[in-house]
Amino acid sequence: MNAPAPPAAPAIVTTALHKRFGDLVAVQSLSLSIAKGEIFGLLGANGSGKTTTIRMLTGLMPPTSGSAMVAGVDVVRDPEEVRQRLGYMSQRYGLYDDLTVEENLRFYAGLYGLVGTEGRARIEEQISGLDFTARRRQLAGTLSGGWKQRLSLACATSHRPDVLFLDEPTAGVDPAARRAFWGMIRQLARGGTTILVTTHYMDEAERCDRLAILWRGRLEAVGAPPEIIAQLGAPSLEDAFIALQLRDEAAA
Amino acid sequence: MIGRIARWPFWAMLRKEFIQMRRDRMTLGMMIGVPAIQLVLFGFAIRTEVRHLPTLVLDEARTRESRELVASLVNSSYFDIVGEVRGRAEIEARIGRGDAAAAVVIPHEFTRDLKRGRGAEAQVIVDAADPLSSQSALQGASLAGLNFRPSARTRQALELRVRPWYNPMLDSSTYIVPGIIGVLLSMTMIIINAMSVVRERERGTLEQLIVTPVDRTSLMLGKIVPFLLVGYVQVTVILLLGRLLFDVPIRGSLLLLYLMAFPFVVANLGIGLFFSTLVRTQAQAMQAGFLFIMPNILLSGFMFPRAAMPDPAQWLGLTLPLTYFLEVLRGILLKGVGFEALWPEFLAMCGFAILIVTLSVRRFHKTLE
Numbered sequence: 054m055n056a057p058a059p060p061a062a063p064a065i066v067t068t069a070l071h072k073r074f075g076d077l078v079a080v081q082s083l084s085l086s087i088a089k090g091e092i093f094g095l096l097g098a099n100g101s102g103k104t105t106t107i108r109m110l111t112g113l114m115p116p117t118s119g120s121a122m123v124a125g126v127d128v129v130r131d132p133e134e135v136r137q138r139l140g141y142m143s144q145r146y147g148l149y150d151d152l153t154v155e156e157n158l159r160f161y162a163g164l165y166g167l168v169g170t171e172g173r174a175r176i177e178e179q180i181s182g183l184d185f186t187a188r189r190r191q192l193a194g195t196l197s198g199g200w201k202q203r204l205s206l207a208c209a210t211s212h213r214p215d216v217l218f219l220d221e222p223t224a225g226v227d228p229a230a231r232r233a234f235w236g237m238i239r240q241l242a243r244g245g246t247t248i249l250v251t252t253h254y255m256d257e258a259e260r261c262d263r264l265a266i267l268w269r270g271r272l273e274a275v276g277a278p279p280e281i282i283a284q285l286g287a288p289s290l291e292d293a294f295i296a297l298q299l300r301d302e303a304a305a
Numbered sequence: 145m146i147g148r149i150a151r152w153p154f155w156a157m158l159r160k161e162f163i164q165m166r167r168d169r170m171t172l173g174m175m176i177g178v179p180a181i182q183l184v185l186f187g188f189a190i191r192t193e194v195r196h197l198p199t200l201v202l203d204e205a206r207t208r209e210s211r212e213l214v215a216s217l218v219n220s221s222y223f224d225i226v227g228e229v230r231g232r233a234e235i236e237a238r239i240g241r242g243d244a245a246a247a248v249v250i251p252h253e254f255t256r257d258l259k260r261g262r263g264a265e266a267q268v269i270v271d272a273a274d275p276l277s278s279q280s281a282l283q284g285a286s287l288a289g290l291n292f293r294p295s296a297r298t299r300q301a302l303e304l305r306v307r308p309w310y311n312p313m314l315d316s317s318t319y320i321v322p323g324i325i326g327v328l329l330s331m332t333m334i335i336i337n338a339m340s341v342v343r344e345r346e347r348g349t350l351e352q353l354i355v356t357p358v359d360r361t362s363l364m365l366g367k368i369v370p371f372l373l374v375g376y377v378q379v380t381v382i383l384l385l386g387r388l389l390f391d392v393p394i395r396g397s398l399l400l401l402y403l404m405a406f407p408f409v410v411a412n413l414g415i416g417l418f419f420s421t422l423v424r425t426q427a428q429a430m431q432a433g434f435l436f437i438m439p440n441i442l443l444s445g446f447m448f449p450r451a452a453m454p455d456p457a458q459w460l461g462l463t464l465p466l467t468y469f470l471e472v473l474r475g476i477l478l479k480g481v482g483f484e485a486l487w488p489e490f491l492a493m494c495g496f497a498i499l500i501v502t503l504s505v506r507r508f509h510k511t512l513e
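Protein sequences appear in the order of chains P and V.
For what it's worth, our numbering labels the leading residue of the first sequence as 54, then goes sequentially.
For what it's worth, our numbering labels the leading residue of the second sequence as 145, then goes sequentially.
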């Protein structure tokens with residue numbers, strides 16, 4: 054089995070993580086430390102470097118310089134190894150519309166090596182645990198947004214990853230489904246899963262244990278939502294975020 | 145242990161591809177419907193030989209032998225007698241008007257010469273404005289001369305000695321149908337594979353796949369193996385239809401044909417994968433496939449004999465896997481030759497397959513970033 058990271062060690066550590074596309078600096082010397090079981094939010098406008106950060110941390114894209122450890126594995130040196138320990142849910146859900154709920158679960162479980170009795174047991178657990186019993190033979194393409202999101206989460210966590218990356222997971226989902234989704238996220242975090250979520254919804258950002266605000270690839274502020282509000286002297290997170298933007302635009 | 149884990153994602157990929165294939169009418173249609181339609185279209189519509197030319201008869205001999213010659217021309221099915229005429233002027237007038245495309249003139253001396261064992265002459269006049277028709281008429285006349293057995297006891301008389309090998313009826317479908325197997329296989333393999341990869345990219349599932357531990361080999365094999373089977377189903381469907389509808393012979397070993405199809409199909413799947421790295425949408429993938437197939441149809445020898453092409457066109461043809469596979473198809477189906485005659489083609493196709501798959505896998509990985 055995989056050797057677990059020492060309990061005190063943070064689940065995600067980035068050290069001067071840097072990504073450049075030609076002349077454009079997408080992520081600038083990002084250093085973060087995220088504890089095990091923490092729900093950590095990356096808040097930023099489009100093009101602020103959120104997605105690039107996630108892509109580097111999941112091994113989809115090598116950084117220009119700097120390093121990143123995820124679940125105790127060096128992502129840059131060993132991107133294959135880290136994939137067994139992380140789950141990734143993109144804003145496009147990554148579901149096969151022409152496969153049923155059960156087939157999607159089975160496919161992703163299969164990719165993680167969950168086959169045979171063990172695999173079947175895990176799929177059944179997820180189907181009943183996430184209320185998919187009545188929908189197990191429904192094609193994923195015919196599910197509503199909220200159910201798709203739930204299935205996507207299930208597919209990304211079938212192998213019980215140590216770290217879960219969520220890239221704008223609730224875009225285009227109604228508020229009730231969003232609330233239910235955050236309930237599931239909380240539950241995962243209580244079970245010890247570290248969660249890194251990108252968002253530009255303020256109410257979502259406020260649900261995170263800690264937040265980092267990215268602006269044009271730079272880390273502008275980091276801390277618990279009340280701390281950030283206090284740091285920036287704004288009445289709310291949204292005001293704090295806008296204040297940052299204005300300050301930066303004035304400086305530019 | 146590591147080896148066992150490495151194999152699991154491949155089985156998951158394979159299973160998934162088959163479920164998708166079963167549900168996707170487009171793929172199923174391209175697999176069976178398109179070959180069937182194309183085969184019928186190509187097989188019946190592309191006729192480089194023209195049959196049933198409306199033909200006039202000027203029989204000056206009026207003997208049993210002359211009537212037998214006319215009958216033998218009719219039996220060749222190249223000529224349909226549309227009327228008897230009394231003189232050459234009438235022939236000229238009616239061919240000029242387009243009432244007829246050919247005429248047979250049997251002179252007074254025909255039977256006399258035949259019986260004396262001199263070379264008996266009969267004339268076939270053809271409207272050569274349409275070169276295809278006139279060539280056909282020439283072929284037909286040759287065939288008729290060959291089969292002409294006058295009932296009168298005569299010595300050897302007609303001197304035509306044309307021996308069409310492999311395709312004694314000079315049927316173009318016999319020539320075209322084996323080629324269709326190659327063309328259709330190439331087209332569908334390229335398009336199906338390119339579309340299937342592009343679809344995953346469009347829907348975001350490709351990105352999802354890459355963050356899972358699925359290794360690159362499993363990913364690639366998962367996209368090649370299922371379609372390899374589709375290719376074999378297609379070969380079988382077209383062969384069966386070709387046999388049922390067009391009486392295309394299978395003179396050589398089917399097993400050899402299936403073996404030879406392997407590098408060809410892999411090469412085309414590689415091309416499909418390559419295209420998937422160049423295009424963004426499924427529609428573009430399809431267009432790229434058609435764009436690629438056009439020069440293939442022209443240069444591979446599918447419709448036009450390569451021997452008649454200028455050198456640069458012949459060289460270009462040698463860079464296409466289809467050119468080799470057509471040799472293989474015609475060699476096995478029509479000539480019944482074995483591996484000893486076809487190994488250079490086999491090697492060429494293997495080389496091409498390895499090259500294009502390596503190239504596109506590299507490109508594929510680059511585009512993932």
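Backbone N, C-alpha and C define an ideal beta-carbon position, used for all residues, glycine too.
{"Check": "Does residue 302 (chain P) get closer than 7 Å to chain V when you measure Cβ to Cβ?", "Outcome": "no"}
{"Check": "Return the residue from the list V:161, V:222, V:405 that minimises the CA-CA distance to residue 469 (chain V).", "Outcome": "V:405"}
{"Check": "Over what stretch of residues does the beta strand (DSSP E) that includes residue 360 (chain V) continue unbroken?", "Outcome": "Looking at the DSSP string, residue 360 (chain V) is not in any beta strand (DSSP E); the run it does join, the alpha helix (DSSP H), is 360-390."}
{"Check": "Examine chain P for any beta-carbon lying closer than 7 Å to the beta-carbon of residue 426 (chain V), and answer yes or no.", "Outcome": "no"}
{"Check": "Under DSSP, the beta strand (DSSP E) around residue 78 (chain P) begins and ends at which residues?", "Outcome": "77-87"}
{"Check": "Taking the alpha helix (DSSP H) that residue 106 (chain P) belongs to, which residues open and close that run?", "Outcome": "103-110"}
{"Check": "Buried or exposed: where does residue 220 (chain P) fall if 16 or more other Cβ atoms within 10 Å of its Cβ makes it buried?", "Outcome": "buried"}
{"Check": "Starting from residue 124 (chain P), follow the alpha helix (DSSP H) in both directions and report where the run begins and ends.", "Outcome": "First-last for residue 124 (chain P): undefined, no H or E at that position."}
{"Check": "With H, G and I counted as helix, E and B as strand and the rest as coil, what does DSSP make of residue 474 (chain V)?", "Outcome": "helix"}
{"Check": "Just the Cα atoms here: how many angstroms apart are residue 204 (chain V) and residue 252 (chain V)?", "Outcome": "5 Å"}
{"Check": "Could you name the residues of chain V that residue 133 (chain P) contacts, counting a contact when the two beta carbons are closer than 7 Å?", "Outcome": "357"}
{"Check": "Quick one: measure Cβ to Cβ for residue 184 (chain V) and residue 201 (chain V), integer angstroms, because I've assumed they're closer than 8 Å.", "Outcome": "About 35 Å; that fails the 8 Å criterion."}
{"Check": "Return the CA-CA distance between residue 90 (chain P) and residue 246 (chain P), expressed in angstroms with no decimal places.", "Outcome": "5 Å"}
{"Check": "If distances are taken between C-alpha atoms only, which option among V:389, V:434, V:375, V:396 comes closest to residue 411 (chain V)?", "Outcome": "V:375"}
{"Check": "Would you please state the rounded distance, in angstroms, between the beta carbons of residue 119 (chain P) and residue 70 (chain P)? I believe it to be under 8 Å.", "Outcome": "4 Å"}
{"Check": "In this structure, how does DSSP classify residue 250 (chain P) when only helix, strand and coil are distinguished?", "Outcome": "strand"}
{"Check": "Report the residue from V:256, V:233, V:497, V:481 whose alpha carbon sits nearest the alpha carbon of residue 398 (chain V).", "Outcome": "V:481"}
{"Check": "Quick test of your reading: residue 263 (chain P) and residue 277 (chain P), contact by CB under 8 Å. State the CB separation rounded to the nearest angstrom.", "Outcome": "5 Å"}
{"Check": "Going by C-alpha distance, which of P:235, P:265, P:268 is nearest residue 257 (chain P)?", "Outcome": "P:235"}
{"Check": "Beta-carbon separation of residue 321 (chain V) and residue 176 (chain V) under 7 Å?", "Outcome": "no"}
{"Check": "Grab the span of the beta strand (DSSP E) containing residue 74 (chain P) for me, first residue to last.", "Outcome": "65-74"}
{"Check": "Out of V:454, V:334, V:487, which has the shortest C-alpha to C-alpha gap to residue 421 (chain V)?", "Outcome": "V:334"}
{"Check": "Here's a check: name, in chain order, each residue in its chain whose Cβ is nearer than 7 Å to the Cβ of residue 78 (chain P), leaving out the five neighbours to either side.", "Outcome": "270"}
{"Check": "May I ask you to report which of helix, strand or coil DSSP gives residue 222 (chain V)?", "Outcome": "coil"}
{"Check": "Terminal residues of the continuous alpha helix (DSSP H) containing residue 418 (chain V)?", "Outcome": "398-422"}
{"Check": "How would you label residue 231 (chain V), buried or exposed, when you count the other beta carbons within 10 angstroms and need 16 or more for buried?", "Outcome": "exposed"}
{"Check": "Please report the distance separating the alpha-carbon of residue 484 (chain V) from that of residue 168 (chain V).", "Outcome": "41 Å"}
{"Check": "Going by DSSP, what residue range makes up the alpha helix (DSSP H) through residue 161 (chain P)?", "Outcome": "154-164"}
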